[in-house]
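Engineer: In short: position in the sequence shown from 1, add 182, done, that's the numbering used here.
Ideal Cβ placement from N, Cα and C applies to all residues, glycine included.
Bear in mind the structure is a predicted one, so any value in this text is a computation, not a measurement.
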Amino acid sequence: MSRLFTDCRLRVFGILLMSLWCLTEEVKAQTTVFQLAGWDNSAEFSAWQQLGKSDSRHWLNVRVGVNDWMSPADPSDVSNKKMNGNYSLSLGYGYLLTDKLMPYLTIRKDLNRAENIGFVTGVDISTNTRLCYTVGFTSTYDVTQDWNRSNAWVDIYYKVGNNGWKIGVETAVTVTGEVGFLWMINKSINWSRK
183 MSRLFTDCRL RVFGILLMSL WCLTEEVKAQ TTVFQLAGWD NSAEFSAWQQ LGKSDSRHWL
243 NVRVGVNDWM SPADPSDVSN KKMNGNYSLS LGYGYLLTDK LMPYLTIRKD LNRAENIGFV
303 TGVDISTNTR LCYTVGFTST YDVTQDWNRS NAWVDIYYKV GNNGWKIGVE TAVTVTGEVG
363 FLWMINKSIN WSRK
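1. On the three-state DSSP scale, how would you describe K235?
2. To which residues of the same chain is V351 closer than 8 Å at the C-beta, ignoring the five residues directly before and after it?
3. For S236, count the other beta carbons within 10 Å of its own beta carbon; 16 or more makes it buried, fewer makes it exposed. Which is it?
4. Could you have a look at R290 and say whether DSSP puts it in helix, strand or coil?
5. Can you give me the Cβ contacts of H240 inside the same chain, cut-off strictly under 6 Å, excluding the 5 residues immediately before and after it?
6. In the DSSP assignment, what are the bridge partners of K282?
7. With distances taken Cα to Cα, identify the nearest neighbour of Y286 among D306, A225, L293.
8. Beta strand (DSSP E) containing G343: first to last residue?
9. What number of angstroms, rounded off, separates the C-alpha of Y273 from the C-alpha of T320?
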């Protein structure tokens, strides 16, 4: 019953989020979406939307995670049952300091346990080559309790072709010294109305 309730909450939230997203009078810039997968068989969908016109420096981030980092489990144990069926929802903000640097902060909420909350912070770094980077820190499942799953990480992306596709890999190290890897697929979508 509780799983059914959680699934309904996810659907309702998704519908509300898409409605709010579409209510903007002019959607002029790009959305970047990516999937993360790796430790604990986790997967995450993330979308970045530029707020306002195409020269705006403000970005909104929304993420939905499944079997992700919000439960306390050994990060090297990809079969850990504690992670199965776990959902998280995140909302964040990024500010484009220059054409090449964007720091951001995203607050993460565990939908399975009301008391669990965490955060992701990082800096996106663009270059004039096909490579781009992100460095950052992800807190544990609950910032008020155990920090054993908090981790620092580095992402490296490679731009494939000229249609907004990127593939990437992430290396993360937890505060207890566990090392893990994630892979990512990234696509930039231009929603501007011509």
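Structural biologist: On the basis of the data shown:
1. coil
2. D337, I338, F363, L364, W365, M366
3. exposed
4. strand
5. Take H240, set aside five residues on each side of it, and the residues of its chain with a beta-carbon closer than 6 Å to its own are L233, in chain order.
6. The partner list for K282 (beta bridge, DSSP) is empty, contrary to what the question assumes.
7. D306
8. Neither: G343 is in no beta strand (DSSP E) and is coded neither H nor E.
9. Note that residue 273 is Leu in the sequence shown here, rather than Tyr. Rounded to the nearest whole angstrom, the C-alpha separation of L273 and T320 is 14 Å.
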